[in-house]
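Trainee: Right, I'll just put the structure down here and ask away after.
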Amino acid sequence: MKKKHSDHTVPLPPAAIALLRSLHRGESSNLVFPSPTKAGAQMSDNTLNKRMSDMGEDAVPPGFRATFATWAAGRGYDSLWIEAALHHKDENKVRKAYQRTDYLDQRKPMMEEWAAFLSGLKAHEAYLAKREEARDGFR
Numbered sequence: 315m316k317k318k319h320s321d322h323t324v325p326l327p328p329a330a331i332a333l334l335r336s337l338h339r340g341e342s343s344n345l346v347f348p349s350p351t352k353a354g355a356q357m358s359d360n361t362l363n364k365r366m367s368d369m370g371e372d373a374v375p376p377g378f379r380a381t382f383a384t385w386a387a388g389r390g391y392d393s394l395w396i397e398a399a400l401h402h403k404d405e406n407k408v409r410k411a412y413q414r415t416d417y418l419d420q421r422k423p424m425m426e427e428w429a430a431f432l433s434g435l436k437a438h439e440a441y442l443a444k445r446e447e448a449r450d451g452f453r
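Below, the structure is given as structure tokens:
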């Protein structure tokens with residue numbers, strides 16, 4: 315069965331937005347990863363794998379997703395938020411029938427912390443301190 319594609323809203327932290335804005339994607343493309351050979355098309359999985367290999371990386375894109383899921387679970391984030399971030403569909407028919415949220419509000423701080431983690435330990439520690447200050451304001 316062919317997978318049906320649907321919109322996926324991602325709460326991008328400021329660091330990710332800055333990185334995406336710095337990429338040269340061509341004048342006519344609104345895609346984040348446009349095809350280098352087909353105008354208006356997205357980059358194929360094989361192209362991304364080859365580019366990573368050409369850079370000497372011993373990894374594949376699904377590994378990044380697994381790394382994120384493992385990190386988020388280890389940080390105590392709700393598995394439903396993690397699955398929503400990965401754009402996985404809920405296979406539980408009852409829950410799927412009643413819960414129609416994308417957990418966007420919950421995913422935003424998770425994605426901000428992930429960006430801080432990827433930016434380095436110092437940035438991650440600064441993010442955690444900032445988050446604690448914000449939490450103290452609600453107590």
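Under the numbering used here, the first residue of the sequence shown carries the number 315, and numbering increases by one thereafter.
The beta-carbon is built from N, C-alpha and C at its ideal position, and this holds for glycine as well.
1) Considering only DSSP beta bridges, list what Gln356 is partnered with.
2) Please look up how many angstroms separate the CB atoms of Gln413 and Asp392, rounded, as I've assumed it's under 8 angstroms.
3) Expressed to the nearest angstrom, what Euclidean distance is found between the alpha-carbon atoms of Leu400 and Arg379?
4) Pick out whichever of Gly434, Thr323, Val324 and Val346 has its Cα sitting closest to the Cα of Leu334.
5) For Asn420, which of helix, strand or coil comes out of DSSP?
6) Under DSSP, the alpha helix (DSSP H) around Ala380 begins and ends at which residues?
7) Using 10 angstroms around the beta-carbon of Pro350, count the other beta-carbons present and answer buried if the total reaches 16, otherwise exposed.
8) Taking the continuous alpha helix (DSSP H) assigned at Leu337, which residues delimit it?
9) I'd like the span of the alpha helix (DSSP H) that includes Ser320, first residue to last.
10) What do you reckon, are the CB atoms on Glu426 and Pro348 nearer than 8 angstroms?
11) With a threshold of 6 angstroms on Cβ separation, who are the neighbours of Met315 within its own chain once the five nearest residues in sequence on each side are excluded?
Mentor: Result, derived from the coordinates:
1) Pro348
2) So it is not a contact: roughly 12 angstroms between Cβ atoms.
3) 7 angstroms
4) Val346
5) Looking at the sequence shown, residue 420 is not Asn but Gln. Note: Gln420 maps to helix in three-state DSSP.
6) Pro375 to Gly388
7) exposed
8) Run containing Leu337: none; DSSP gives neither H nor E here.
9) Careful: Ser320 lies outside any alpha helix (DSSP H) and carries neither H nor E.
10) no
11) For Met315, the pLDDT reaches just 34, beneath the cut-off of 50, and the residue's location in the model is therefore unreliable, although a value from the coordinates is still provided. Once the five neighbours on either side are set aside, Met315 has no close Cβ partner at all.
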